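Trainee:
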Ligand SMILES: [Zn+2]
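Residue numbers (this note's numbering): 1346 to 1424.
#1: Pick helix, strand or coil for residue 1355, following the three-state DSSP scheme.
#2: Starting from the C-beta of residue 1362, find all residues in its chain whose C-beta is less than 6 angstroms away, skip the five residues before and the five after it, and write them out in chain order.
#3: Measuring only from the beta carbon, is residue 1400 closer than 6 angstroms to any heavy atom that is part of ligand 1?
#4: Given a threshold of 16 other Cβ atoms within 10 Å of its Cβ, counted over all protein chains shown, does residue 1375 qualify as buried or as exposed?
#5: By DSSP, does residue 1377 sit in helix, in strand, or in coil?
#6: For the alpha helix (DSSP H) containing residue 1411, list its first residue and its last residue.
#7: At a cut-off of 6 angstroms, is residue 1403 close to ligand 1 when judged by its beta-carbon and the heavy atoms of the ligand?
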C-alpha cells in the first residue's frame, strides 16, 4: 500500500509574488509547504522595487480561504 504523506504543491505555477509578480517556487521547510520568491537585488535596484531577498508564503495560510472560495464557486445553491 502506498502511503502518500507529502502532498504536492497545490498552487504550483499559480502563485505569483505580490511584489514583483514573478511566479513563486514551491519549497518545503520544516514539514510545511512554502512558496518562495527570490528576487535578485540587481533587478530590484534599477527598477526601484522594494523587495526582500526572499519572499515566503506559507501554503497552509492560503489553502483554507482558497478552498472555501472554490467551495462557494461550485456550490449550486449558494446561501
Ligand atoms: Zn517577488
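Beta carbons: idealized from backbone N, C-alpha and C, even for Gly.
Note that the structure is predicted; figures quoted are calculated from it, not measured.
Mentor: Once the coordinates are examined:
#1: Look at residue 1355 here: in three-state DSSP terms it is coil, with no helix or strand label.
#2: Scanning its chain for C-beta atoms nearer than 6 angstroms, with the 5 sequence neighbours on each side dropped, one finds around residue 1362 the residues 1369, 1382, 1400, in chain order.
#3: Indeed, a heavy atom of ligand 1 lies less than 6 angstroms from the Cβ.
#4: Residue 1375 is exposed by the Cβ-count criterion.
#5: DSSP, reduced to helix, strand and coil, places residue 1377 within a strand of the structure shown.
#6: Counting along the chain, residue 1411 sits inside the alpha helix (DSSP H) bounded by residues 1404-1418.
#7: Every heavy atom of ligand 1 is 6 angstroms or more from the Cβ of residue 1403, so no.
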